[in-house]
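A.B. asks: Numbering (our numbering), first residue to last: 42 to 484.
For every residue, glycine included, the Cβ atom is placed at its ideal position computed from N, Cα and C.
(1) May I have the straight-line CA-CA distance separating residue 227 from residue 373, to the nearest angstrom?
(2) When you compare only the Cα positions, how much space is there between residue 281 and residue 377?
(3) Using DSSP bridges, identify the partner residues of residue 420.
(4) Report buried or exposed for residue 307, applying the criterion of at least 16 other Cβ atoms within 10 angstroms of its Cβ.
(5) So, with DSSP's three-state summary, where would you put residue 270?
(6) Just the C-alpha distance for residue 312 and residue 330, rounded to the nearest angstrom, thanks.
(7) For residue 29, report the span of its beta strand (DSSP E) as first-last.
(8) Would you mind sorting residue 397 into buried or exposed? The rule is 16 or more other CB atoms within 10 Å of its CB.
(9) Decide if residue 201 is buried, meaning its Cβ has at least 16 other Cβ atoms within 10 Å, or exposed.
(10) Over the uninterrupted alpha helix (DSSP H) stretch that includes residue 286, give me the two end residues.
(11) DSSP three-state label for residue 414, please.
(12) Just to confirm, is the Cβ distance from residue 494 to residue 272 under 7 Å?
(13) Going by beta-carbon coordinates alone, are residue 339 and residue 375 separated by less than 7 Å?
(14) Can you give me the C-alpha to C-alpha distance between residue 144 and residue 211, rounded to a whole angstrom?
(15) When the Cα of residue 269 is compared with those of 252, 229, 254, which residue comes out closest?
(16) Taking DSSP's pairing of strands, which residues face residue 177 in a bridge?
(17) Quick one: complete beta strand (DSSP E) runs, 3+ long, within the region 298-346?
(18) Helix, strand or coil, according to DSSP, for residue 235 in the structure here?
(19) From the DSSP secondary-structure annotation, give me the bridge partner or partners of residue 245.
(20) Who are the Cβ neighbours of residue 232 in its own chain at under 8 Å, not counting the five residues just before and after it?
(21) From the DSSP output, in three-state form, read off residue 488 for me.
(22) Between residue 328 and residue 285, is the Cβ-Cβ spacing less than 7 Å?
(23) Could you check which residue in 446, 236, 225 has the C-alpha nearest to that of residue 213?
(24) Could you name the residues that DSSP lists as bridge partners for residue 392?
(25) Please check the pair residue 334 and residue 292, which I expect to be a contact at CB under 8 Å, by giving their CB distance rounded to whole angstroms.
(26) How would you write the range of the beta strand (DSSP E) that residue 406 sits in, first residue to last?
(27) Any idea if residue 422 is buried or exposed, counting beta-carbon neighbours within 10 angstroms, 16 or more meaning buried?
(28) With H, G and I counted as helix, E and B as strand and the rest as coil, what does DSSP make of residue 221?
(29) Can you grab the Cα-Cα spacing for the pair residue 452 / residue 76, in whole Å?
(30) Looking at the secondary structure, which residues open and close the beta strand (DSSP E) in which residue 372 lies?
(31) Report the option in 267, 254, 314, 316 whose CA atom is closest to the CA atom of residue 288.
(32) Taking the alpha-carbon positions, what's the residue 353 to residue 321 distance?
(33) Given that a residue counts as buried once 16 or more other Cβ atoms are within 10 Å of its Cβ, and exposed if not, what is residue 414?
(34) Under three-state DSSP, which class holds residue 205?
(35) Just how far apart, CA to CA, sit residue 469 and residue 426?
(36) For residue 230, which of helix, strand or coil comes out of DSSP?
Shown next as structure tokens:
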């Protein structure tokens, strides 16, 4: 027989206790859900700040004029004045204030390994993005042969293959067309460099007419727009004193029209060492005016006589002379990679790398100048001649001079017109790497 179990009747106190317990569970559940939601929000915020983009993560306070730390400009990106290019960042690095220059006694020329000579593509570890000096390439030609050159990061590239014809029209050779196509592979600023196939007399007769001068200027501006170039480089030698005012007018008007199109003007100027061993510029080149109109000035030291004092650092003297007339922020100094031989006391002729190798087999003595150049006495048809050329020590000395005494200039520039010149560019690149490492150890 099944037993019946009768539950006792529920009292009112028990019902009230159960109701309170239910309310407690509801409040606890609500509080737990709220706490979980708050934790999720805080976790999301923390994760955002931990992994936010680098340009927010690495912000640093802007430097003030009172900041005593010296800075070295890396091919200043303030060369983009127009608003559409404001995204370019200013790349500046800190240079160690204790930089010394060592005068090195004459040594043997440093050669790169034969494996590198045979395969120029091995010459280019990527240039450091932040280095003490900017580097530009001047007149690259034979673009197929120099394809590895264009795949690297240079601040600027000056192209060859553009000439002013006898009728004043702008001629573009196949070399110029190919160079532009190859140069478009880089992020570098591209400048077309204007040469002249006509005599100085013909050129100045042409630009003496305002209409013909405007025609030439319009052609140059159109070309920069068509190929999205950064600007135009003018390299016209043998300016006569009577043409000084006319040439200055041409530069002024070209600069105005380029600036109206947000383009830039670069010009080459030549500094001479005269027979009194002093630096001077051509009387036909009004450096003060030309430097005012141009955005960039490439200064080339030229040794015009054999009796130049070897004990003077002429590179240093040339830069000092240039800075007296032109703003340092516009100055690019030419670092030669080619060699020269004196044809007479007043004229030096450029040599090809092959000619240098042949002539140096006859050298009798070698002296290193204070600015780093090597000068060897060679035999040419039974006559003694002098050859100026570069090696790793000389290029390093030049860059050390600039870094120590002139850190306020814009940068350096060197020419590459065949694969042999890549070796010298490689030496410059190596010095920039050494500079970068020195800065990092100083920091």
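C.D. replies: Taking the structure as given:
(1) 21 Å
(2) 25 Å
(3) 425
(4) buried
(5) coil
(6) 16 Å
(7) The requested residue 29 is not part of the displayed model; the chain covers only 42 to 484.
(8) buried
(9) buried
(10) 285-301
(11) coil
(12) Since the first and last residues shown for the chain are 42 and 484, residue 494 lies out of range.
(13) yes
(14) Summary for residue 144: the model assigns pLDDT 30, below 50, so the residue's position carries little reliability; its value from the coordinates is reported in the next sentence. In a straight line, the C-alpha of residue 144 is about 47 Å away from that of residue 211.
(15) 229
(16) 197, 454
(17) 305-314, 320-322, 337-344
(18) strand
(19) Per DSSP, none; premise fails for residue 245.
(20) 197, 198, 199, 200, 270, 271, 272, 273, 274, 305, 307
(21) It is not possible to answer for residue 488, since the shown part of the chain is limited to 42 through 484.
(22) no
(23) 236
(24) 380
(25) 5 Å
(26) 406-409
(27) exposed
(28) helix
(29) 60 Å
(30) 372-375
(31) 254
(32) 15 Å
(33) buried
(34) strand
(35) 28 Å
(36) strand
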